[in-house]
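K.L.:
Structure provided below as structure tokens; questions to follow.
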């Protein structure tokens with residue numbers, strides 16, 4: 003197995019995946035425990051791969067999600 007570092011994730015991509023996960027939960031497609039499990043896996047992947055970009059770029063990508071609740 004390769005020890006090469008994983009490619010980092012673009013802020014827009016992280017926000018897109020979070021929006022899809024949130025929409026699935028709000029629509030009832032995911033129960034609370036499944037949502038929590040998937041959210042936890044997503045956070046772990048972000049820790050492993052990291053988000054590319056500056057703090058300002060990351061916050062700008064996430065701000066629309068925060069405003070939508």
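In the numbering used here, the protein residues as written are 3 to 71.
Note that beta-carbon positions come from the ideal geometry of N, C-alpha and C, so glycine has one too.
Since the model is a prediction, treat every value here as computed from it, not as a measurement.
#1: Per the DSSP calculation, residue 60 is bridged to which residue(s)?
#2: How long is the line joining the alpha carbons of residue 8 and residue 50, rounded to whole angstroms?
#3: Is it buried or exposed, residue 66, if we count other Cβ atoms within 10 angstroms and call 16 or more buried?
#4: Name the DSSP beta bridge partners of residue 45, please?
P.N.:
According to the structure shown:
#1: What you label residue 60 is simply residue 58 of the chain shown in a count that begins at 1. Its beta-bridge partners do not exist; DSSP assigns none.
#2: Here residue 8 refers to the residue found at position 6 of the chain shown. Here residue 50 refers to the residue found at position 48 of the chain shown. Roughly 8 Å between the two C-alpha positions.
#3: The sequence position of residue 66 within the chain shown is 64, counting from 1. Residue 66 should be labelled exposed.
#4: On the chain shown, residue 45 is found 43 positions in, with the first residue counted as 1. DSSP output for residue 45 lists no bridge partner at all.
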